[in-house]
Amino acid sequence: MKTSSNNLPGAAEVQLGDEVGFSLYATSLAMTKAYKPLLQPLGLTYPQYIAMLSLWESDEVTVKALSTRLSLDPATITPLLKRLESQGLVSRTRGITDERLVFVSLTTKGDLLRRQAALIPAAITEATGQSNQVLLRLKRDLDQLRSRL
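Per our numbering, the very first residue in the sequence shown carries number -19; after that it's consecutive.
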């Protein structure tokens, strides 16, 4: 027997297609799927790719700083970094004055991968069928939404 929340006073009918959260979720899945064939030749998953992007911008950062920048918790980022390290793309070293700190740095191989990844943003833009201007506006709006949550 189906139970409906419509029996509650003032309850509106909730539909999946009306949910902003679902649209964001489904779009995130579609974007990750679009990245997959572009990242496979590099041997990277999407989370590994964004970690590499961050390191290409700012090499030798702490694991904590990287996890904050990527909005990933340390329990998620540590195995991700171990895989990148096993691929020879990054190295992890303990701090000299404070051994609790772990620093992540690009290796030469990791730095060279940047050249291969350089065409990915244009390929993703093309895959969306949107102009750079539209995508930049969307990114700004999404960043603003995330900061409010």
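Think of the CB as a built atom: it goes at the ideal place given N, C-alpha and C, for glycine as much as any other residue.
| Asked | Found |
| --- | --- |
| Please confirm whether Leu33 and Tyr26 have their CB atoms less than 8 Å apart. | no |
| Starting from Ser71 and walking both ways along the alpha helix (DSSP H), at which residues does that stretch end? | Counting along the chain, Ser71 falls outside any alpha helix (DSSP H), though it belongs to the beta strand (DSSP E) covering 70 to 74. |
| Determine the burial state of Ile76: buried for a count of at least 16 other Cβ atoms within 10 Å of its Cβ, exposed for fewer. | exposed |
| Is the distance from the Cβ of Ile104 to the Cβ of Ala14 below 8 Å? | yes |
| Could you check what DSSP says for Leu122 in three-state terms: helix, strand or coil? | helix |
| Per DSSP, Thr42 is paired with what? | Phe83 |
| Between the stretch 55 to 71 and the stretch 104 to 117, are three or more C-beta pairs nearer than 8 Å? | no |
| What's the call for Ala(-8), buried or exposed, on a 16-neighbour Cβ count within 10 Å? | exposed |
| Is the distance from the Cβ of Leu137 to the Cβ of Lys89 below 8 Å? | Nothing can be reported for residue 137, as the shown portion of the chain is limited to -19 through 129. |
| Cβ of Leu50 within 8 Å of Cβ of Ala31? | yes |
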